[in-house]
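Peer 1: Starting off with a structure, shown below.
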Amino acid sequence: QALMSGGTIDNIVVEGTQRIEPESVRSYMEVNPGDTFDPVLLNRSLKSIFATGLFADVSLKRQGGDLIVVVVENPIINRIAFEGNQRLDDEILAAETSLRERVVFTRTKAQADAQKLLELYRRSGRFAATVEPKVIQLPQNRVDLVFEVVEGDRSYVTTVNFIGNREFSDGKLQGVVSTSETVFWNFLTDSDTYDPDRLTFDRELLRRFYLKEGYADFEVQSVIAELTSSRESFVVTFTINEGERYKFGVVDVESALKDFDPTTVEDQILPEENEWYNADLIDKTVDNLTDAVGDLGYAFVDVRPVPEKDTESKVIDLVFSISEGSKVYVERIDIEGNSRTLDKVIRREFRLVEGDAFNSSKLRRSRSRIQRLGFFQSVNVNNEPGSTPDRTVIKVDVEEQSTGELTFGAGFSSSSGPLGSIGIRERNLLGKGQDLRFNVALAGSGSEADISFTEPYFLDKEIAAGFDIFRITREEDSLAFDEKKTGAALRIGYDLSEELRQVLRYRFEHIEIENIDSDAAALVKEQEGTSIKSAISSTLTYDKLDSRISPTDGYLLTLENELAGLGGDVQHLKVTLGGTNYYSFTEDLILKTRAEVGNIIGLDEDTRIVDRFFLGGDKLRGFKSGGVGPRDQGSDDALGGKHFYNGSVELTFPLGLPEEFGVKGRVFSDFGATWNIDGNDSGVDDSSNPRVSFGTGLTWSSPFGPLAMDLGFAALKEDYDETEIFSFSFGTSF
Amino acid sequence: CSSDDKPAYVERPVEELYNSANNALKAGENEDAARLFDEVERQHPYSVWASKAQLMAAFALYSDNKYDDAISALDRFIDLHPGNRDTPYAYYLKALCYYEQISDVGRDQKMTRDALSSLRDVVRRFPDTKYARDAQLKVDLANDHLAGKQMTIGRFYLNRKEYLAAINRFRTVIGQYQTTTHVPEALHRLVEAYLALGIIDEAQATAAVLGHNFPGERWYQDSYALLTGQDLEPEEKDGSWISQVWDSIL
Amino acid sequence: CESRVNVRGNYPDPEEVSKLETGVSSRRDVAELLGSPSTLSTFKDQVWYYVGERVEKTAFYDPVVLERSILVVKFSEDGKLEESRQFALEDGRIIDPVTRITPTEGQDLTIIQQLLGNLGKFTPGGGN
Chain U
309 QALMSGGTID NIVVEGTQRI EPESVRSYME VNPGDTFDPV LLNRSLKSIF ATGLFADVSL
369 KRQGGDLIVV VVENPIINRI AFEGNQRLDD EILAAETSLR ERVVFTRTKA QADAQKLLEL
429 YRRSGRFAAT VEPKVIQLPQ NRVDLVFEVV EGDRSYVTTV NFIGNREFSD GKLQGVVSTS
489 ETVFWNFLTD SDTYDPDRLT FDRELLRRFY LKEGYADFEV QSVIAELTSS RESFVVTFTI
549 NEGERYKFGV VDVESALKDF DPTTVEDQIL PEENEWYNAD LIDKTVDNLT DAVGDLGYAF
609 VDVRPVPEKD TESKVIDLVF SISEGSKVYV ERIDIEGNSR TLDKVIRREF RLVEGDAFNS
669 SKLRRSRSRI QRLGFFQSVN VNNEPGSTPD RTVIKVDVEE QSTGELTFGA GFSSSSGPLG
729 SIGIRERNLL GKGQDLRFNV ALAGSGSEAD ISFTEPYFLD KEIAAGFDIF RITREEDSLA
789 FDEKKTGAAL RIGYDLSEEL RQVLRYRFEH IEIENIDSDA AALVKEQEGT SIKSAISSTL
849 TYDKLDSRIS PTDGYLLTLE NELAGLGGDV QHLKVTLGGT NYYSFTEDLI LKTRAEVGNI
909 IGLDEDTRIV DRFFLGGDKL RGFKSGGVGP RDQGSDDALG GKHFYNGSVE LTFPLGLPEE
969 FGVKGRVFSD FGATWNIDGN DSGVDDSSNP RVSFGTGLTW SSPFGPLAMD LGFAALKEDY
1029 DETEIFSFSF GTSF
Chain C
51 CSSDDKPAYV ERPVEELYNS ANNALKAGEN EDAARLFDEV ERQHPYSVWA SKAQLMAAFA
111 LYSDNKYDDA ISALDRFIDL HPGNRDTPYA YYLKALCYYE QISDVGRDQK MTRDALSSLR
171 DVVRRFPDTK YARDAQLKVD LANDHLAGKQ MTIGRFYLNR KEYLAAINRF RTVIGQYQTT
231 THVPEALHRL VEAYLALGII DEAQATAAVL GHNFPGERWY QDSYALLTGQ DLEPEEKDGS
291 WISQVWDSIL
Chain W
2 CESRVNVRGN YPDPEEVSKL ETGVSSRRDV AELLGSPSTL STFKDQVWYY VGERVEKTAF
62 YDPVVLERSI LVVKFSEDGK LEESRQFALE DGRIIDPVTR ITPTEGQDLT IIQQLLGNLG
122 KFTPGGGN
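Sequences listed follow chains U, C and W, in order.
To convert, take the position in the first sequence, counting from 1, and add 308; that gives my numbering.
To convert, take the position in the second sequence, counting from 1, and add 50; that gives my numbering.
To convert, take the position in the third sequence, counting from 1, and add 1; that gives my numbering.
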């Protein structure tokens, strides 16, 4: 090998290329004909050619003035195949590998892909899987790449143990963590597969649970997952140290802010002296204090809880120290990932404006408002350094999810018979955040078809405006007539405060009452024919519930008034006031009390049966729907009452079955009455005496949909009321 | 190796394969054309047709709007044949793949940024080709689009009376996008925002620049009217109620 | 109903502003006292602006600006503070932004296209 230095390169000869043009190889080199043989440059050229990954081997030789580059090309992959995979099919595996057909094959890339496939199987709970890349040589320097997969079956978690838990039972803690023991019938869930990330998440769930219950010293000492001898299933053991349960001692607030009196915000502090310690209350208080102080014009606020633990008396004194946060301003808010949603639909949810003082609790609140839109799978909000030290750029990265819904529903209930529904909905129409919905529902007791559209920021204000077009038919056997309503409604809704919301509606309906039973009461027969109802209504709701979907605490008040008579044939004023309260003795022992009062008066005209109040069915269990209220003696037809009151007291309790069954028992007592009609009331039974019923029942949120069964016994009733002991409803939508 | 769903693995002479691929392309069956071009490359990787086929496959995918597949095919071609005489076209086609996915200014401009960087690649690497001339034109259009995005956000803040935020957004347009069609409007919006804050001299200075550089623009007439007091003291004009409703819905 | 007061932008503390000395404070001194400027003058480079507002927001009504302070800081050629002026809410003018906008292309989704797009996607349990 001639000395690789000194003398000039006459020309560069490339040997061994088959597919790649020689000029390509030269273009990667750092030396050209006419340069000197410089070992450093030559070495770097060697490295850069090799870095392309196109060559299995590269070597440099010198013949006189010629620099000879000898290369051996990496083979080209002809086809990639997967063998032995049942659970995950070829497309999923192919998407994971970086190598593709007709790409250059290198051993390192094949190994890396095999590792990626192994990772894929681990994530779906198959820890016993193995993946081997095999290469089959083909003529013309081509290879076939085959990944031989041995999947092994899914490694389940058979048991979840807890060591060191004195205060709470294993069953209780199993409800807290997300990993669950595998049970035969629970084939829908995958929370019983072994997944290390889920265990770290469980560690956090346990910590938060205990801190909420007052165990300030709580710590998870270890989480061990042992593979059973058969290598299929895991035993997970959480070793925890609960420590002592603490109470709140003296709770105070102090401030380092200039001319600011901390006592003005004392009412925001939630933890009270010798109440059990609760970490959630502390976090909530930090938010409240930050807002309250921010409201008073202090742009930079930093609230820090300073606990002082007294282990003997098991009391924690707490001081919320308010100080001036670092002076940082928002330089810019950049929103990325919104390939469908418009920028303004996200930006208008922001509680911060560009140029404002940076405030982390406002940023957190902005993030949760964007999350609540329901258009995104994930919303990551973080801030990066701005152009100067005291400025920051807020980066919002959203990952959109499908906001279209196509739902089919089927069900059965004793009051309305079989039920089927189909709905198509787009919650983020054209990325403008508008909601468009078509629904058609057919049931034994009638049908309903409606189109509804909502613009959440009407006139760029936080006012939700929209319209509905509907066609509703009612053919209940308890009513002696059929009713067909077709019409449209315009509505606007807005928040008056955090809890108080109002919706104003104008409704135009064309009503047809037809095929009245021949033996129906005279009053009913009078209602036959068509009429127009044009009414405005207001609905005020005061919502203090802890959750809208499954409330366990707090109360909800609603006031609805409807004035019919802006033209049309119907003139009445209808007012209904209702309230529901939830109180939870323990997490699953919940007392729900409900009360409602209503009144309708005709405005210089009689009220119509259709608009009056009927009681029974699920509002007054033990009585048939429409079973309570004024009734025509001759035809036994319900005529509906002008006034009504109705309420219920219901206690739901667990039946001792494991939590995932989702079965709850309940005992209840419903009461109420509706009375007084318009028009000639001779031959009509009517009484305002209270009807009372007692009963029990159960609810089951089965994997196929919610199911409810009730047995109601009418204890106090009028002899002409119609009762019904058993009522059942099962509804699903998929 | 078992691959039941893929068509039978038939060895065919390269010219015949290439021509049938070409015919499929001419007949507009882009998907078949792409598949056939791949076969050419798979069965005859060392023939002179292979590299041409790789490029044609990418073109077929591009005309079938399968942009991501086209881009990965083009990347493969560029890696294998950096020195090929068709490489400029490969870079240009890749830039087009991004360019045609540019979404409207209300949405994320990731595609615009990718298009911009690959268009600039074409102009920088192959300055004297016809691709560079067209790429330069598209660079200006892409820039115009990015400026349009800044304007949308600026107007969003202006309409909500967040004048400081609006001013900074419009200043970005003037600072970084001087050659785009949005500059006149950005200048007028600055006049509006400065006036709303009461900084009269800044508003007048901005209007002067607008008048000096874009005398014929309607935006200058708007600024001029605003400044010379014809509506220097307008009450809060709501504009016709219907038009306001119409704007907020559509 | 509830109303909340927010501080927008950079509302310099009057006490800090009083510490500015014309002819003495340099750009760095001003930035140290008041933070970096909210915005710079577009065409005159020695002018800094500090813009801050106190805004009251009640329910869904448009926010009402209670007070606004605009501090204009002008530096001389040698980079020293030459003059600082203060504007307030009263100096502001009511302007009605022109509704015309400069057009840009870019394809947009049509209603039908988006609605039909959903037919393919089933969302389990999406019902009530």
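From the three backbone atoms N, C-alpha and C, an ideal C-beta is built for every residue, glycine too.
Using a Cβ-Cβ cut-off of 8 Å (strictly less than) and excluding sequence neighbours within five positions of U/T860, which residues of its own chain qualify?
Peer 2: Here residue 860 of chain U refers to the residue found at position 552 of the first sequence. Contacts found: D854, Y890, S892, E895 and I898.
Peer 1: When we look at the beta-carbon of U/H880 and count the other beta-carbons within 10 Å, is it buried (16 or more) or exposed?
Peer 2: Taking the first residue of the first sequence as 1, we reach residue 880 of chain U at position 572. Its Cβ being crowded by 16 or more others within 10 Å, U/H880 is buried.
Peer 1: In whole angstroms, what is the alpha-carbon distance linking U/S486 and U/S977?
Peer 2: Within the first sequence, residue 486 of chain U is the residue found at index 178, counting from 1. Within the first sequence, residue 977 of chain U is the residue found at index 669, counting from 1. Looking at the two C-alpha atoms, the distance is approximately 36 Å.
Peer 1: Could you run through the segment 189 to 219 of chain C and flag, in chain order, every residue whose CB is less than 8 Å away from some CB of chain U?
Peer 2: Residues passing the 8 Å Cβ filter: K199, T202, I203, F206, Y207, N209, R210, E212, L214, A215, N218 and R219.
Peer 1: Thinking just about the alpha-carbon of each residue, which of C/T229, C/H131, C/D88 and C/G266 is nearest to the one in U/R408?
Peer 2: The count along the first sequence starts at 1 and reaches residue 408 of chain U at position 100. Closest option to U/R408, Cα to Cα, is C/D88.
Peer 1: Could you check how far apart the C-beta atoms of U/G725 and U/F746 are, in whole angstroms? I think they sit under 8 Å.
Peer 2: Position 417 of the first sequence, counting from 1, holds the residue named residue 725 of chain U. Position 438 of the first sequence, counting from 1, holds the residue named residue 746 of chain U. About 23 Å; that fails the 8 Å criterion.
Peer 1: Check the DSSP bridge columns for U/Q1117 and list the partner residues they point to.
Peer 2: Nothing about residue 1117 of chain U can be reported from this structure: the residues present for chain U run from 309 to 1042 only.
Peer 1: What's the call for U/R640, buried or exposed, on a 16-neighbour Cβ count within 10 Å?
Peer 2: Here residue 640 of chain U corresponds to residue number 332 of the first sequence, with the count starting at 1. With 16 or more Cβ atoms within 10 Å of its Cβ, U/R640 is classed as buried.
Peer 1: Is there a Cβ from chain D that is less than 8 Å from the Cβ of W/F61?
Peer 2: Here chain D cannot be found, since the structure's protein chains are U, C and W.
Peer 1: As an exercise, report each continuous beta strand (DSSP E) stretch of at least 3 residues that is fully enclosed by the segment 954 to 1000 of chain U, in chain order.
Peer 2: For the segment 954 to 1000 of chain U, whole beta strand (DSSP E) runs of length 3 or above, ordered along the chain, are 971 to 983.
Peer 1: Using a beta-carbon distance cut-off of less than 9 Å, what residues from the segment 324 to 339 of chain U approach chain C?
Peer 2: Going along the segment 324 to 339 of chain U in chain order, one finds Q326, R327, I328, E329, P330, E331, S332, V333, R334, S335 and Y336 with a Cβ nearer than 9 Å to chain C.
Peer 1: Please work out which residues of its chain come closer than 7 Å, Cβ to Cβ, to U/Q679, disregarding the five sequence neighbours upstream and downstream, and give them in chain order.
Peer 2: As a first step, residue 679 of chain U is located in the first sequence; it is residue number 371 there, counting from the start. Result list for U/Q679: V687, in chain order.
Peer 1: Reducing DSSP to helix, strand and coil, say where C/V173 ends up.
Peer 2: Your numbering for residue 173 of chain C matches position 123 in the second sequence. C/V173 falls in the helix class under three-state DSSP.
Peer 1: Ignore the nearest five residues each way along the sequence and tell me which others in U/P570's own chain have a CB closer than 8 Å to its CB.
Peer 2: Within the first sequence, residue 570 of chain U is the residue found at index 262, counting from 1. Same-chain partners within the cutoff: V561, E562, S563 and I630.
Peer 1: Interface residues of chain W around U/V811 at Cβ under 9 Å?
Peer 2: Start at 1 with the first residue of the first sequence, and residue 811 of chain U comes out as number 503. Under the 9 Å cutoff, chain W gives no residues; its nearest Cβ is about 12 Å from U/V811.
Peer 1: Distance cutoff 8 Å, beta carbons only. Does U/S753 sit that close to anything in chain W?
Peer 2: Mapped onto the first sequence, residue 753 of chain U falls at position 445. Not one chain W Cβ lies under 8 Å of U/S753.
Peer 1: Run down chain U in chain order and give the residues with a C-beta less than 7 Å from the C-beta of C/P95.
Peer 2: Start at 1 with the first residue of the second sequence, and residue 95 of chain C comes out as number 45. By Cβ distance, chain U contributes R327, I384, Q448 and R450.
Peer 1: Quick one: is U/Q419 buried, meaning 16 or more other Cβ sit within 10 Å of its Cβ, or exposed?
Peer 2: Your numbering for residue 419 of chain U matches position 111 in the first sequence. The residue is exposed, with fewer than 16 neighbouring Cβ atoms inside 10 Å.
Peer 1: When Cβ atoms are compared, which residues of the segment 658 to 678 of chain U fall closer than 7 Å to chain W?
Peer 2: If the cut-off is 7 Å between Cβ atoms, the segment 658 to 678 of chain U has V661, G663, D664 and A665 near chain W.
Peer 1: With respect to the alpha helix (DSSP H) encompassing U/N319, which residues constitute its N-terminal and C-terminal limits?
Peer 2: The residue labelled residue 319 of chain U in the question sits at position 11 within the first sequence. No alpha helix (DSSP H) contains U/N319, which is instead part of the beta strand (DSSP E) from N319 to E323.
Peer 1: Nearest by alpha-carbon distance to U/N473: which of U/R434, U/R431 and U/E527 is it?
Peer 2: Translated into positions along the first sequence, residue 473 of chain U becomes position 165. Checking every option, the nearest Cα to that of U/N473 belongs to U/E527.
Peer 1: From the beta carbon of C/D54, is the nearest beta carbon of chain U less than 8 Å away?
Peer 2: For the purposes of this step, residue 54 of chain C is identified with residue 4 of the second sequence, where counting begins at 1. Legend: pLDDT at C/D54 = 41, less than 50; position of this residue unreliable, value from coordinates given subsequently. It does not; no Cβ of chain U falls within 8 Å.
Peer 1: Output yes or no for whether 8 Å exceeds the beta carbon distance between U/V1000 and U/A1016.
Peer 2: In the first sequence, the residue the question calls residue 1000 of chain U occupies position 692. In the first sequence, the residue the question calls residue 1016 of chain U occupies position 708. No.
Peer 1: Return the chain-ordered list of same chain residues with a C-beta closer than 6 Å to the C-beta of C/F127, the five sequence neighbours on each side being excluded.
Peer 2: Here residue 127 of chain C refers to the residue found at position 77 when the second sequence is read from its first residue. Cβ within range, chain order: Q104, L105 and A140.
Peer 1: Buried or exposed, going by whether 16 or more other CB atoms sit within 10 Å of the CB of W/I96?
Peer 2: Indexing the third sequence from 1 puts residue 96 of chain W at position 95. Classification of W/I96: buried, given that the 10 Å Cβ count is 16 or more.
Peer 1: Is the CB of C/H131 under 8 Å away from at least one CB in chain U?
Peer 2: What you label residue 131 of chain C is simply residue 81 of the second sequence in a count that begins at 1. Yes, its Cβ sits closer than 8 Å to a Cβ of chain U.
Peer 1: Give the secondary structure of U/F931 by DSSP, where H, G and I count as helix, E and B as strand, and everything else as coil.
Peer 2: Reading the first sequence from its first residue, position 623 is the one you call residue 931 of chain U. Strand, per DSSP.
Peer 1: Reducing DSSP to helix, strand and coil, say where U/R474 ends up.
Peer 2: If you number the first sequence from 1, residue 474 of chain U lands on position 166. Residue state, collapsed to three classes: coil.
Peer 1: Which two residues bound the contiguous beta strand (DSSP E) that contains U/H880?
Peer 2: Stepping through the first sequence from its first residue, residue 880 of chain U is reached at position 572. Where U/H880 is concerned, the enclosing beta strand (DSSP E) stretches over H880 to T894.
Peer 1: Which residues, taken in chain order from the segment 138 to 150 of chain C, show a beta carbon closer than 7 Å to some beta carbon of chain W?
Peer 2: The residues in question: there are none.
Peer 1: Would you kindly work out how many angstroms separate the C-alpha atoms of U/T316 and C/H131, rounded to a whole number?
Peer 2: Residue numbering aside, residue 316 of chain U sits at position 8 when the first sequence is read from its first letter. Residue numbering aside, residue 131 of chain C sits at position 81 when the second sequence is read from its first letter. Distance between the alpha carbons of U/T316 and C/H131: 28 Å.
Peer 1: In chain C, what lies closer than 9 Å to W/S37 by C-beta?
Peer 2: By 1-based counting over the third sequence, the position of residue 37 of chain W is 36. Within 9 Å Cβ-Cβ: nothing; W/S37 doesn't reach chain C, min ~12 Å.
Peer 1: Would you call the segment 108 to 127 of chain C and the segment 605 to 620 of chain U touching, i.e. three or more CB-CB distances under 8 Å?
Peer 2: Segments in contact, no.
Peer 1: Taking W/V6 and W/R69 to be in contact with their CB atoms under 8 Å, please state how far apart those CB atoms are, rounded to whole angstroms.
Peer 2: Start at 1 with the first residue of the third sequence, and residue 6 of chain W comes out as number 5. Start at 1 with the first residue of the third sequence, and residue 69 of chain W comes out as number 68. Not a contact, Cβ separation roughly 13 Å.
Peer 1: With respect to the beta strand (DSSP E) encompassing U/F628, which residues constitute its N-terminal and C-terminal limits?
Peer 2: As a working mapping, residue 628 of chain U is identified with position 320 in the first sequence. First-last of the beta strand (DSSP E) with U/F628: V623 to E632.
Peer 1: Using a Cβ cut-off of 7 Å, pull out every chain C residue sitting near U/G645, in sequence order please.
Peer 2: Position 337 of the first sequence, counting from 1, holds the residue named residue 645 of chain U. Per Cβ cutoff of 7 Å: D158.
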